[in-house]
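Chemist: These protein sequences, in sequence, are chains A and B.
Under our numbering, the letters of the first sequence match residues 3 to 348, in that order.
Under our numbering, the letters of the second sequence match residues 3 to 348, in that order.
Number of protein chains: 2
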Amino acid sequence: MEAVPRKTTIREVARAASVGIGTISRVLNSSSQVSRETRARVLEAIRRLGFRPNAQARRILKRRAEMVCFLLSNRDFLHPFHARILQGVESYASGLKQHVLFAALHYSPRTPPDGIDLPPVLQEHGLIDGLILAGTIYPNLLRRIESIHMPFVAFSNNVVGIGDEEQFDQVGFDDFNGTLHATRHVIGKGHRHIVFAADVSYPWLRRRFEGYRQAMRENKLKHVLITSRNPQSFVDFGQKSAGRILSRQPRATAAVAGNDEIAYGLWRSLRRQGVKVPDDISLVGFDDREEAVLMDPPLSTVRVDKEEIGETCMKMLLERLHHPRMTFSQRILPTEFVIRGTVRQV
Amino acid sequence: MEAVPRKTTIREVARAASVGIGTISRVLNSSSQVSRETRARVLEAIRRLGFRPNAQARRILKRRAEMVCFLLSNRDFLHPFHARILQGVESYASGLKQHVLFAALHYSPRTPPDGIDLPPVLQEHGLIDGLILAGTIYPNLLRRIESIHMPFVAFSNNVVGIGDEEQFDQVGFDDFNGTLHATRHVIGKGHRHIVFAADVSYPWLRRRFEGYRQAMRENKLKHVLITSRNPQSFVDFGQKSAGRILSRQPRATAAVAGNDEIAYGLWRSLRRQGVKVPDDISLVGFDDREEAVLMDPPLSTVRVDKEEIGETCMKMLLERLHHPRMTFSQRILPTEFVIRGTVRQV
DNA sequence: CTCACTTATGGAAGCAGTTCCAAGGAAAAC
DNA sequence: GTTTTCCTTGGAACTGCTTCCATAAGTGAG
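#1: Report buried or exposed for Lys242(A), applying the criterion of at least 16 other Cβ atoms within 10 angstroms of its Cβ.
#2: Can you check DSSP and say which residues form a bridge with Gly174(B)?
#3: Residues in the region 270 to 299 of chain B with C-beta within 8 Å of chain A's C-beta atoms, listed in sequence order?
#4: Smallest Cα separation from Leu182(B): which of Gly128(B), Glu14(B), Thr40(B), Gly260(B)?
#5: The ligand FAD heavy atoms versus the CB of Ile62(A): any closer than 6 Å?
#6: Answer with yes or no whether the minimum CB distance from Ile26(B) to chain A is below 7 Å.
#7: Distance, Cα to Cα, Asp201(B) vs Asp238(B)?
#8: By DSSP, does Ile12(A) sit in helix, in strand, or in coil?
#9: Span of the alpha helix (DSSP H) holding Val226(B)?
#10: Which residues bound the alpha helix (DSSP H) around Gln25(B)?
#11: Taking 8 Å as the cut-off, does the region 221 to 230 of chain A touch the region 275 to 290 of chain A (at least 3 CB pairs, one atom from each stretch)?
#12: Within 7 Å of any Cβ in chain B, is that where the Cβ of Leu335(A) sits?
#13: Helix, strand or coil for Ile283(B)? Go by DSSP, reduced to three states.
#14: For the beta strand (DSSP E) holding Phe154(B), just list the boundary residues, first then last.
#15: May I ask you to report which of helix, strand or coil DSSP gives Met3(B)?
#16: Taking His325(B) as the reference, give the member of Ser271(B), Asp171(B), Val197(B), Ile196(B) with the closest Cα.
#17: Would you check if the region 54 to 72 of chain A and the region 127 to 136 of chain B touch, i.e. whether three or more CB-CB distances between them fall below 8 Å?
#18: Using a cut-off of 9 Å between C-beta atoms, extract the partners of Leu103(B) located in chain A.
#19: Quickly, what does DSSP pair Asn160(B) with across the bridge? List them, please.
#20: Residues of chain B with CB closer than 9 Å to the CB of Phe79(A), please, in chain order.
#21: Which residues, taken in chain order from the region 147 to 162 of chain B, show a beta carbon closer than 7 Å to some beta carbon of chain A?
#22: Can you give me the start and stop residues for the alpha helix (DSSP H) that Met297(A) sits inside?
#23: Short of 6 Å in beta carbon distance, which residues of its chain neighbour Val161(A), apart from the five on each side in sequence? Order them along the chain.
#24: Nearest-angstrom Cα distance between Lys308(A) and Arg86(A)?
#25: Suppose you measure from the CA of Ala257(A) to the CA of His195(B); what does that come to, to the nearest Å?
#26: Go ahead and pull the three-state DSSP assignment for Ala42(B).
#27: Using the DSSP secondary-structure output, state which residues sit across from Val197(B) in a beta bridge.
#28: Would you mind sorting Val6(B) into buried or exposed? The rule is 16 or more other CB atoms within 10 Å of its CB.
#29: Assign Gln89(A) to one of two classes, buried (16 or more other C-beta atoms within 10 Å of its C-beta) or exposed (fewer than that).
#30: Please confirm if Glu46(B) has its CB atom under 7 Å from at least one CB of chain A.
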């Protein structure tokens with residue numbers, strides 16, 4: 003490996019400006035105790051020598067890396083949903099001169115905590131100040147992260163099997179009220195036979211189901227949960243559910259899907275069987291993924307602001323770093339029902 | 003801001019293991035000059051004290067940040083396409099204990115180079131060793147990056163208005179041969195009237211067009227370029243192009259789209275007009291984005307391995323860092339035509 | 001038994017900054 | 001005119017590591 007060329011240091015700048023090294027440091031950190039002329043002379047020397055302070059050296063002394071890690075915790079690829087969260091994190095962070103490291107984590111829900119291999123960034127010390135956890139989070143991962151005593155904030159909608167008694171900073175959005183409002187909207191359009199399609203063993207889909215059920219109960223309507231066996235994916239789950247919806251009597255006039263992928267699968271399979279959305283059956287989704295707009299007609303769905311999630315995660319993490327002893331908090335972001343073309347008046 | 007608790011240092015470990023600090027360093031860097039017993043004693047002390055070496059301190063001495071920045075250069079959100087590239091970068095990097103910083107860049111093609119605002123990470127010195135540039139790259143950005151003398155590799159398919167004489171490390175994929183093979187496939191299925199739909203003012207779409215034209219010429223077929231005015235997006239471009247394809251005489255039996263989004267727009271608009279894919283018209287795309295599989299039937303398209311792009315970028319960047327004077331190189335990755343359901347035999 | 005050559009180890013110096021304390025000088029107070 | 005105070009300023013000491021040099025101990029040859 004060839005040598006990296008020596009860079010200008012603070013001492014050379016000091017010599018060039020005929021001042022002491024302390025003065026340079028003071029100018030760099032814009033602490034006020036420097037006279038006008040001296041500051042001007044120093045800045046001129048900095049400019050002339052093309053000096054850029056070494057970030058590492060400062061970090062040692064400051065004991066702050068000014069860097070956080072966005073850790074994507076499952077084997078999924080960087081899905082658009084999480085990509086948008088990452089964007090929110092980065093955009094908020096860069097405004098505050100904070101840096102964002104991206105790392106991926108490979109683990110299975112059943113690995114014992116000690117067995118989880120952490121990415122290189124977490125094996126060093128001082129590289130990052132804190133962690134933003136995204137992706138599906140199982141208890142063993144939480145244990146593992148806690149064991150390294152690194153401040154973190156979790157995007158908690160995809161947390162699985164972790165009780166309410168668990169204490170950590172988390173940001174999520176409102177599954178329950180999301181489907182509650184979506185279902186009310188559908189009911190408001192005159193529908194009476196509305197089914198809900200999702201695998202409610204996922205906590206977040208369970209919460210969405212409860213929102214749907216609440217809306218049905220309010221209107222004294224019967225709730226119906228549609229599931230399907232051994233789906234390959236959520237889209238496949240939707241496809242397989244379509245038949246079950248059609249075979250029920252009385253025939254449902256609307257379906258609330260647990261997420262957009264299920265809605266997509268449903269839509270696709272229904273269309274193949276000659277059932278038109280929304281003419282024959284209305285449909286709503288959840289998440290507002292890119293697919294929602296690509297569908298034809300575009301899907302009415304529950305929007306969650308992914309960038310806001312990222313932003314809020316970053317904000318909370320910074321608060322945590324400034325106040326390590328602050329009690330843990332949990333922020334639930336609101337959702338918004340977006341009306342597009344898949345719900346019709348009956 | 004509360005103080006961060008003092009962490010164990012190398013000197014404490016040295017005391018605990020009754021050895022010198024040099025020995026600790028030697029163990030950490032696994033240089034061989036340490037006896038079995040001493041190494042064991044040191045490792046034991048490290049474990050007992052929960053010592054994690056401070057990354058910053060090492061970096062100062064090593065003059066290497068062991069970190070690169072993935073810089074997304076346009077105003078687009080982190081699109082799945084680039085998200086996958088980032089994944090490739092990260093996955094290759096983490097295997098080599100390198101870290102990946104994510105940063106976004108906001109600039110317009112017409113800002114003068116000096117006017118481009120670089121993200122915080124590029125304003126410090128020593129934070130990163132090099133840069134991976136993705137997104138749409140205009141000459142002014144290239145100028146700006148060169149001005150800070152930071153080694154970089156560009157994902158060059160989306161480079162606009164930069165001549166061949168330009169020298170920098172780049173990774174791209176084979177636009178020309180991609181459509182060449184795709185078009186040959188379509189011709190092989192018996193099609194004779196095949197149109198190409200794209201805005202060829204984009205260099206990469208122009209190259210794809212040339213690939214298509216080459217295949218047509220080989221078979222003594224007439225090439226037809228379909229474009230449309232003021233599209234809002236590529237999908238919109240496709241939608242607007244559909245009418246133009248249908249109104250031509252003789253009617254085309256197949257269309258090659260410049261990318262999957264155009265293909266999607268085409269498909270959607272054709273379907274609305276009662277024209278079925280592939281029964282009435284065959285269709286192929288380019289890129290193999292997520293939409294391709296979601297279409298019904300799924301789109302036959304040209305696949306590019308996004309993770310491989312990321313991996314190759316990272317690999318080239320590391321080579322560049324090890325050999326700063328090496329001549330610039332350009333790597334073109336092959337593409338693969340994936341047959342799904344949108345091309346039929348005539 | 002001595003000498004040359006390895007191999008292992010301790011720790012000072014150094015990296016590029018920040019911090020803090022002492023000191024110089026000017027202005028203000030006495 | 002002297003003392004006090006305030007504002008600047010210089011630079012030693014420090015951060016947590018790596019590197020290198022000197023030394024110690026061990027090994028084999030002569």
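Cβ atoms here follow ideal geometry from the backbone N, Cα and C, with glycine treated the same way.
Since this is a predicted model, take the numbers as computed values, not measurements.
Modeler: Quick answer:
#1: Around the C-beta of Lys242(A), 16 or more other C-beta atoms lie within 10 Å, and the residue is accordingly described as buried.
#2: Ile334(B)
#3: Residues Arg270, Arg273, Arg274, Glu292, Glu293, Leu296, Asp298.
#4: Gly260(B)
#5: Absence of the ligand FAD from the depicted structure is noted, as is the absence of any ligand whatsoever, leaving it without description.
#6: no
#7: 12 Å
#8: helix
#9: Here Val226(B) belongs to no alpha helix (DSSP H); instead the beta strand (DSSP E) covers 226 to 228.
#10: One point to set straight first is that residue 25(B) is Thr, not Gln, in the sequence displayed. Where Thr25(B) is concerned, the enclosing alpha helix (DSSP H) stretches over 23 to 30.
#11: No, because fewer than three Cβ pairs between the region 275 to 290 of chain A and the region 221 to 230 of chain A fall closer than 8 Å, the two stretches do not touch.
#12: no
#13: DSSP places Ile283(B) in the coil class of the three-state scheme, outside both helix and strand.
#14: 154 to 157
#15: Confidence is the limiting factor: at Met3(B) the pLDDT is only 40, short of 50, which leaves the residue's position unreliable, though a coordinate-based value still follows. Three-state result, Met3(B): coil.
#16: Asp171(B)
#17: yes
#18: Simply Met69, His101, Val102, Leu103, Phe104.
#19: Secondary-structure assignment with DSSP links Asn160(B) through no beta bridge to anything.
#20: By Cβ distance, chain B contributes Pro82, Ala85, Arg86, Gln89, Glu309.
#21: Of all residues in the region 147 to 162 of chain B, none has a Cβ within less than 7 Å of some Cβ in chain A.
#22: Unbroken run through Met297(A): none, as it is neither H nor E.
#23: Ile139
#24: Looking at the two C-alpha atoms, the distance is approximately 6 Å.
#25: 43 Å
#26: helix
#27: Val226(B), Ala257(B)
#28: Low confidence applies here, because Val6(B) scores a pLDDT of 45, under 50, leaving its location unreliable and the question unanswered by this model.
#29: buried
#30: No, its Cβ sits nowhere closer than 7 Å to a Cβ of chain A.
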